[in-house]
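Residue numbers (full-length UniProt numbering), protein chains in the order written: chain A, 1 to 328; chain B, 1 to 328.
Written as structure tokens, this is what we have:
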């Protein structure tokens, strides 16, 4: 059985019910689920004070379960970055631990790959957000679940998505995949936690940020030389922000157009990732290949050879390949 | 008469009434007011497209009025930074033009001082926000007006404020003053528009940003080495954000405490600056001295010798000195 530990590195969980539900569902899916002792800790808006959350991460790194999955994001990871023992976390990854999450976890993932050239973490679901929802609240998204199972088993070697237009037909790019939540990523800029990836493939998403704020951050990355230095940029979901009467038609399309007008780097939209129900898993820090044929885009990578055996026997493998993309 | 040109470099003005009112009031205060041809331009949420706003700034730089005052902030300055002709703007400042504003103007001011070591701009009121309000909406704040008049005449040599506690009693610091709106300033980090000020006095304010977002940016500046490199940090107003039930008591005080726990640089609060009615004028890029006696803090600087004559004859000089601080 694949061991999976749930931990809460940033914001506190509002209700324990979602955690219980997530643990049950993940157990039913075949994982040997453990809940970290401080997963339900509370200190103001945080899941315990900094020392508590730091200790939890180090404890999990030392235990090195097959999967270390965050229960939720929120805010709190960047508070810990200066004190994290990155080599301790690296040992767990070398040992095979797959750290999974998104949103605030962007800080952990990118801070990690800033220091660890050959290692990666997984941008993917959060236990409570994606596996903890009651059935009345929509339950678990099937594509998200299947992709997660495939990624964790080692079977997932690619995700595919449909671009809104065929303008990038024929595009081929190869590089280190990095990024995640735009605001969290930008909060690392200028710090030692910033991964100075050149020739990479940068993916970005955000939630509840007005398009002008998204644009301001995209332009910051452009002005910082980050966009021009990438082989490609993949944009996921940017929704949730309230429109303003001042917008007069200005929206996320204009923000993306402002970026495209300033960089020659291909900026693709449509990546099924972000604070949305349906999200793929992506290896942050891994080397990926991007292919576009017509409107079909594929992000592919080599699966972990250590997990090849598991992959062959994973019952969800084929279904997910069709659901969340295409193997190549 | 002192020439004053109003221009709109970022967000479009929602109503022309506020501009008309501001122009009338500033005329009544003795300024020879001109309104830039594109001050009421509109392109989606912007005061005209990028080329229009860029041309306005360059046009004003070339005309070099005594005062170049922005009508409002919003979002839009960072779109222009890469294309601004900074030396053209520098010529106007050398010629005596005082560029005034705050909020989104933080990008112009700090981008400018990033390139111009000995020159400064003015962090101070925005025409429509501070002089355009109808009487029913509160009219003009007296302290803001008096400080503005003093600063523009050259009489203002210091602003004073009362710190919440006497913990910094005896503090003396000297350095280049810089900063402004926290979010706008952070959007320059990592770009060529970032002023790499060492040993400076950094002032910050923000509006409608939840304390956790303020904290994330303060910690980013800390992690980037910016906080430790300053002689002092002055915090203005950080209000306007809706509280969340997740906060459980967490607020701006905790955000400031998180910063203070991580830097030895004195972090003072209480600076009367930000998106509030009462705001002082501060020379962004100028060398200032900070003195604290008990709870009384004073930020002082040498007035512009070119304006010394005007200063002596300015009728508002003495009143404002008492209202918005203390001369030293």
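Don't be surprised by glycine CBs; every beta carbon is placed ideally from N, CA and C. Please read these numbers as outputs of a predicted model, since none were measured by experiment.
Proximity of residue 248(A) to chain B, defined by a Cβ-Cβ separation below 7 Å, is satisfied. With its beta carbon less than 7 Å from one in chain B, residue 78(A) belongs to the interface.
Rounded to whole angstroms, the gap between the alpha carbons of residue 218(B) and residue 108(A) is 18 Å. DSSP places residue 209(B) outside both helix and strand once states are collapsed to three, so it counts as coil.
Here residue 306(A) is exposed, its C-beta having fewer than 16 other C-beta atoms within 10 Å. In this structure the region 231-248 of chain A touches the region 205-212 of chain A; the number of beta carbon pairs closer than 8 Å is three or more.
Contact note: residue 81(A) reaches chain B through 219, 223, using a C-beta cutoff of 9 Å and chain order. Taking the CA atoms as reference points, residue 65(B) sits about 22 Å from residue 11(B).
Take residue 235(B), set aside five residues on each side of it, and the residues of its chain with a beta-carbon closer than 8 Å to its own are 203, 204, 205, 256, 267, 268, 269, 270, 271, in chain order. Assigned with DSSP and collapsed to three states, residue 86(A) falls in helix.
Between residue 55(B) and residue 101(B), the C-beta gap is not smaller than 7 Å, which leaves the two residues out of contact. For residue 189(B), the nearest beta carbon of chain A is closer than 7 Å to its own beta carbon. Flagged as an interface residue toward chain A: residue 75(B), by a C-beta distance shorter than 7 Å. The beta carbon of residue 41(B) sits closer than 6 Å to those of 47, 48, 52, all from its chain and outside the five residues before and after it, given in chain order. Distance check between residue 276(B) and each of 28(B), 74(B), 129(B) places 129(B) closest, using alpha-carbon atoms only. The straight-line gap separating the alpha-carbon atoms of residue 196(A) and residue 284(A) is approximately 14 Å. Counting only residues of its own chain and dropping the five nearest sequence neighbours on each side, residue 58(A) has a CB closer than 7 Å to the CB of 85, 88.
In this structure, residue 231(B) sits away from residue 170(B), with a CB-CB distance that is not shorter than 7 Å. For residue 267(B), the enclosing beta strand (DSSP E) begins and ends at 267-269.
Residue contact check for residue 102(A) against chain B: no CB pair falls below 7 Å.
Looking at the DSSP output, residue 162(A) shares a beta bridge with 296(A).
A Cβ-Cβ separation of about 16 Å leaves residue 119(A) out of contact with residue 151(A) under the 8 Å criterion. Under the DSSP assignment, residue 146(B) falls in the alpha helix (DSSP H) whose first and last residues are 142-153.
Runs of the alpha helix (DSSP H) lying entirely within the region 160-198 of chain A, each at least 4 residues long, are 182-186 in chain order. Note on the region 202-282 of chain B: whole alpha helix (DSSP H) runs with a minimum of 4 residues are 211-223, 252-260, in chain order. Going by beta carbons, residue 187(B) and residue 220(A) fall inside the 7 Å limit. Distance from the CA of residue 113(B) to the CA of residue 200(B), rounded to the nearest whole angstrom, comes to 12 Å. Taking a Cβ-Cβ threshold of 8 Å, the residues of chain B close to residue 44(A) are 247, 248, 249, 250, 254, in chain order. For the 7 Å CB-CB criterion, residue 26(B) and residue 148(B) do not form a contact.
Membership of residue 98(B) in the beta strand (DSSP E) is indicated by the continuous run 98-101. Going by DSSP, residue 3(A) is part of the beta strand (DSSP E) stretching over 2-7. Per DSSP, reduced to three states, the secondary structure at residue 30(B) is coil, with no helix or strand assignment. In this structure, residue 6(B) lies away from residue 13(B), with their beta-carbon atoms at least 7 Å apart. The beta-carbon of residue 216(B) is placed less than 7 Å from the nearest beta-carbon of chain A. Not one beta carbon of chain B lies nearer than 7 Å to the beta carbon of residue 291(A). Three or more beta-carbon pairs drawn from the region 279-298 of chain B and the region 176-183 of chain B are found closer than 8 Å, and the two stretches are therefore classed as touching.
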